[in-house]
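Worksheet for the structure shown next.
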Amino acid sequence: MKTIAQLLLLLPTLLLAQHKVSGKFTPAKDYTYALLYEATPTGTNFIDKSEIEKDGSFHIQLDSSVKPGIYKIVYALPPEEYNFDLIYNGKEDVALNFSIETGLEFTTSNENKLWSSYTKSMELVNMAISNFYSQESTDQTAYKDIFKTLEDTQKGFEDASKGTMANTFIKANAPYIPSSFEDLPTYSQNLKRTYFENVNFSNPLLLSSDFLNDRVLAYVFGMAASTDNNVYMANVDSLMSKMKGTDAEVQTTLLNTVWQRFVMMENAEVSNYIIDTYLEDLAEQTNNGELSREIINYKKNAVGNKAQNFDITLTKRNKEISSTLYDLDTSDRYLIIFWSSTCSHCLAELPEVKTIIPKDVQVIAIGLENDDKTWSSEKLNYPNFIHVLALGKWDNKLADDYNVTGTPSYFLLNKDKTIIAKPYDLKELKEDLK
Numbered sequence: 000m001k002t003i004a005q006l007l008l009l010l011p012t013l014l015l016a017q018h019k020v021s022g023k024f025t026p027a028k029d030y031t032y033a034l035l036y037e038a039t040p041t042g043t044n045f046i047d048k049s050e051i052e053k054d055g056s057f058h059i060q061l062d063s064s065v066k067p068g069i070y071k072i073v074y075a076l077p078p079e080e081y082n083f084d085l086i087y088n089g090k091e092d093v094a095l096n097f098s099i100e101t102g103l104e105f106t107t108s109n110e111n112k113l114w115s116s117y118t119k120s121m122e123l124v125n126m127a128i129s130n131f132y133s134q135e136s137t138d139q140t141a142y143k144d145i146f147k148t149l150e151d152t153q154k155g156f157e158d159a160s161k162g163t164m165a166n167t168f169i170k171a172n173a174p175y176i177p178s179s180f181e182d183l184p185t186y187s188q189n190l191k192r193t194y195f196e197n198v199n200f201s202n203p204l205l206l207s208s209d210f211l212n213d214r215v216l217a218y219v220f221g222m223a224a225s226t227d228n229n230v231y232m233a234n235v236d237s238l239m240s241k242m243k244g245t246d247a248e249v250q251t252t253l254l255n256t257v258w259q260r261f262v263m264m265e266n267a268e269v270s271n272y273i274i275d276t277y278l279e280d281l282a283e284q285t286n287n288g289e290l291s292r293e294i295i296n297y298k299k300n301a302v303g304n305k306a307q308n309f310d311i312t313l314t315k316r317n318k319e320i321s322s323t324l325y326d327l328d329t330s331d332r333y334l335i336i337f338w339s340s341t342c343s344h345c346l347a348e349l350p351e352v353k354t355i356i357p358k359d360v361q362v363i364a365i366g367l368e369n370d371d372k373t374w375s376s377e378k379l380n381y382p383n384f385i386h387v388l389a390l391g392k393w394d395n396k397l398a399d400d401y402n403v404t405g406t407p408s409y410f411l412l413n414k415d416k417t418i419i420a421k422p423y424d425l426k427e428l429k430e431d432l433k
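Below, the structure is given as structure tokens:
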């Protein structure tokens, strides 16, 4: 009876303490916390966090409420960039090692070790295929052997992963295998034609992971024979045709991933094409107000578009004259700087900006301020700049019009006030000014 009583006392603990996610980050000094999120088709749910110990280790205990699925470990900011996926099946612990240099390695968890081993094996075979074609070989025996290895690798991992969550990803990633020798153009065409053949765009497991995002990016960019914008746009059209009939939310999410990449590349032509042809309608169809606002802000501030107009007060012969950005006709180029007199980074950077401005560039410095106290004195250090006071800081209309989320932010305009560059930092500004 005593033994049964002890087991009953332990029962709540046994129910609560199921499995754990643990690991080691290297070098430990570069990391502070590991945060665990459940990934779903519509977003993420915070589960728990662990402080990174001095030796780089972390431990997150999972209770019975943590369901099988895809989870993310976030290890730095911004979380959208510094994270990785893992599979949790509710039956085993997950242990891993991670470093920026060597990447991610799972030391415990059959699910994750299977998927990781599969991707590494497929990379090796794909490298052999790439080498074969790059050498312009016509050795059909070698060709047959390479694709036999590819076929055997795929089948071997599909068989080994039966009954696991990893099997969903392995089968979705099944490659195209030619039945006979194909030259590079033919193989590339068939590879592109069948790229999504085994992908179920409605599978919640695939939707919760990075798999589909990675796959659509590889399709649009990896299947491009050149960096010609017409090729990119054709690939986007092809992608959308492959997703025809898929839930609009899924189409919106995946196309947004592609669009964001072109925005980051400052490719205005393709970015605007995606917006005008698909994304704007999808955002409206799915009532995605945040994306709609992002699209509006992009269209207002994309390179190649005319900058938003605003009022300016000029001082001539000790007299203040009201004007606007569009009315200025004093230079061949204009540099708009959003800054703040309370921003330490701005105070360190603007003196250097002052020294690199060419004679054909007029600087318009917009101070995002809560009041004019420090701004009034600080602006005196830049007598050749045109100064604009934008009270309310981030709530000021100019910050919203120009989609400014940090200071300093730069917009380089031509004589007609068209945006010709949006330098990310001082280094890019120097290059663009040249």
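Residue numbers (numbering that gives the first Met the number 0): 0 to 433.
Glycine included, each C-beta is placed from N, C-alpha and C at the ideal position.
Rounded to the nearest angstrom, what separates Lys416 and Asp400 at their Cα positions? Counting from one through the sequence shown, the residue named residue 416 turns up at place 417. Counting from one through the sequence shown, the residue named residue 400 turns up at place 401. For Lys416 and Asp400, the distance between alpha carbons rounds to 15 Å.
Restricting to Cα atoms, I'd like to know which of Phe146, Phe195, Asp151 is closest to Pro177. The residue labelled residue 177 in the question sits at position 178 within the sequence shown. If we check each option's Cα against that of Pro177, Phe146 comes out closest.
Coil, strand or helix - Lys433 by DSSP: Locating residue 433 in the sequence shown gives position 434, counting from the first residue. Coil.
Tell me which residue opens and which closes the beta strand (DSSP E) that Trp338 is part of. What you label residue 338 is simply residue 339 of the sequence shown in a count that begins at 1. Per DSSP, Trp338 belongs to the beta strand (DSSP E) from 332-338.
Just checking my contact of Ser270 with Trp258 at CB under 8 Å: how many whole Å lie between their CB atoms? Here the question's residue 270 lines up with position 271 in the sequence shown. Here the question's residue 258 lines up with position 259 in the sequence shown. Between Trp258 and Ser270 the Cβ distance is about 6 Å, and since that is below 8 Å, they are a contact.
Test item: CB-CB of Gln60 and Lys19 under 8 Å: The residue given as residue 60 occupies position 61 in the sequence shown. The residue given as residue 19 occupies position 20 in the sequence shown. The answer is yes: Cβ separation under 8 Å.
Give me, in chain order, the residues of the same chain whose beta-carbon lies closer than 7 Å to that of Lys426; leave out the 5 immediate sequence neighbours on both sides. Reading the sequence shown from its first residue, position 427 is the one you call residue 426. For Lys426, where only same-chain residues beyond five positions count, there are no Cβ hits under 7 Å.
Tell me which residue opens and which closes the alpha helix (DSSP H) that Ala398 is part of. Mapped onto the sequence shown, residue 398 falls at position 399. Taken as a continuous stretch (DSSP letters only), the alpha helix (DSSP H) holding Ala398 covers 396-400.
If you measure between the beta carbons of Asn304 and Tyr325, is that distance less than 8 Å? In the sequence shown, the residue the question calls residue 304 occupies position 305. In the sequence shown, the residue the question calls residue 325 occupies position 326. Against a cut-off of 8 Å, the Cβ pair of Tyr325 and Asn304 comes out as no contact.
As assigned by DSSP and simplified to three states, the class of Lys299: Within the sequence shown, numbered from 1, the residue matching residue 299 stands at position 300. Reduced to three states, the DSSP call for Lys299 is helix.
Can you tell me which residues form a DSSP beta bridge with Gly102? As a position in the sequence shown, residue 102 is number 103, starting the count at 1. Ser98, per the DSSP bridge assignment.
Every unbroken alpha helix (DSSP H) within the segment 113-187, with a cutoff of 4 residues, ordered by chain: 139-159, 165-171
Just to confirm, are Val215 and Ala171 a CB contact at a threshold of 8 Å? In the sequence shown, the residue the question calls residue 215 occupies position 216. In the sequence shown, the residue the question calls residue 171 occupies position 172. Not a contact, by the Cβ cut-off of 8 Å.
Asp328 to Val360, Cα distance in whole Å? The residue given as residue 328 occupies position 329 in the sequence shown. The residue given as residue 360 occupies position 361 in the sequence shown. Distance between the alpha carbons of Asp328 and Val360 is about 11 Å.
Using a Cβ-Cβ cut-off of 8 Å (strictly less than) and excluding sequence neighbours within five positions of Met124, which residues of its own chain qualify? Locating residue 124 in the sequence shown gives position 125, counting from the first residue. The amino acid at residue 124 is misidentified as Met; the sequence shows Val. Closer than 8 Å at the Cβ level, and outside the excluded window around Val124, lie Ile145, Thr148, Leu149, Thr152.
Which residue wins for smallest C-alpha separation from Tyr277, given the options Ile46, Glu377, Val235, Pro174? Along the sequence shown, read from residue 1 onward, the residue named residue 277 stands at position 278. Selected option, being the one with the closest Cα: Val235.
If we ignore side chains and look at the alpha-carbon of each, how far apart do Ser322 and Ile355 end up? Looking up residue 322 in the sequence shown gives position 323. Looking up residue 355 in the sequence shown gives position 356. Spanning the two alpha carbons is a distance of roughly 26 Å.
Opening and closing residue of the alpha helix (DSSP H) in which Leu412 lies: Sequence index remark: in the sequence shown, residue 412 carries index 413 (1-based). Careful: Leu412 lies outside any alpha helix (DSSP H), inside the beta strand (DSSP E) at 408-412.
Can you find at least 3 beta carbon pairs, one from the segment 97-107 and one from the segment 154-163, that sit closer than 8 Å? no
Leu367 versus Ser408, Lys28, Gln17, Lys358, residue with shortest Cα-Cα distance: The residue labelled residue 367 in the question sits at position 368 within the sequence shown. Closest option to Leu367, Cα to Cα, is Ser408.
Would the segment 27-40 count as touching the segment 70-81 if we require 3 or more Cβ pairs under 8 Å? yes
Measuring only the C-alpha atoms, how far is Phe97 from Phe261? By one-based count along the sequence shown, residue 97 stands at place 98. By one-based count along the sequence shown, residue 261 stands at place 262. Approximately 29 Å, taken between the alpha carbons.
Alpha carbon to alpha carbon, what distance is there between Phe410 and Thr193? Here the question's residue 193 lines up with position 194 in the sequence shown. Here the question's residue 410 lines up with position 411 in the sequence shown. One C-alpha to the other measures close to 43 Å.
Same chain, Cβ closer than 7 Å to Val302, neighbours up to 5 away in sequence not counted: Position 303 of the sequence shown, counting from 1, holds the residue named residue 302. These residues qualify, in order along the chain: Glu265, Ala267, Ile418, Ile419, Ala420, Lys421.
Own chain residues within Cβ distance below 7 Å of Lys353, not counting five before or after: Reading the sequence shown from its first residue, position 354 is the one you call residue 353. Closer than 7 Å at Cβ, skipping near neighbours: Tyr381.
Given this structure, state the Cα-to-Cα distance separating Asn88 from Leu205, to the nearest angstrom. Looking up residue 88 in the sequence shown gives position 89. Looking up residue 205 in the sequence shown gives position 206. Using only the alpha carbons, I get a separation of about 15 Å.
Leaving aside the five residues before and after Ile69 along the sequence, list all residues of the same chain whose C-beta is less than 7 Å from its C-beta, in chain order. For this step, residue 69 is matched to residue 70 along the sequence shown. Ala38, Asp84, Ile86, Leu204, Ser207, Ser208.
Taking DSSP's pairing of strands, which residues face Val73 in a bridge? Position 74 of the sequence shown holds residue 73. The partner list for Val73 (beta bridge, DSSP) reads Leu34, Asn82.
Comparing alpha-carbon positions, which option in Tyr297, Thr373, Leu390, Phe200 lies nearest Thr252? Locating residue 252 in the sequence shown gives position 253, where the first residue counts as 1. That would be Phe200, whose Cα lies nearest to the Cα of Thr252.
Assign Gly244 to one of three DSSP states: helix, strand, or coil. The residue given as residue 244 occupies position 245 in the sequence shown. Note: Gly244 maps to coil in three-state DSSP.
Could you tell me how far apart the beta carbons of Leu113 and Ser49 are, in whole angstroms, since I believe they sit closer than 8 Å? As a working mapping, residue 113 is identified with position 114 in the sequence shown. As a working mapping, residue 49 is identified with position 50 in the sequence shown. In fact, because the Cβ distance is near 25 Å, the residues do not count as touching under 8 Å.
On the CB-based measure, 16 or more other CB atoms within 10 Å of its CB, does Leu95 come out buried or exposed? Working through the sequence shown from its first residue, we reach residue 95 at position 96. Under this definition Leu95 is a buried residue.
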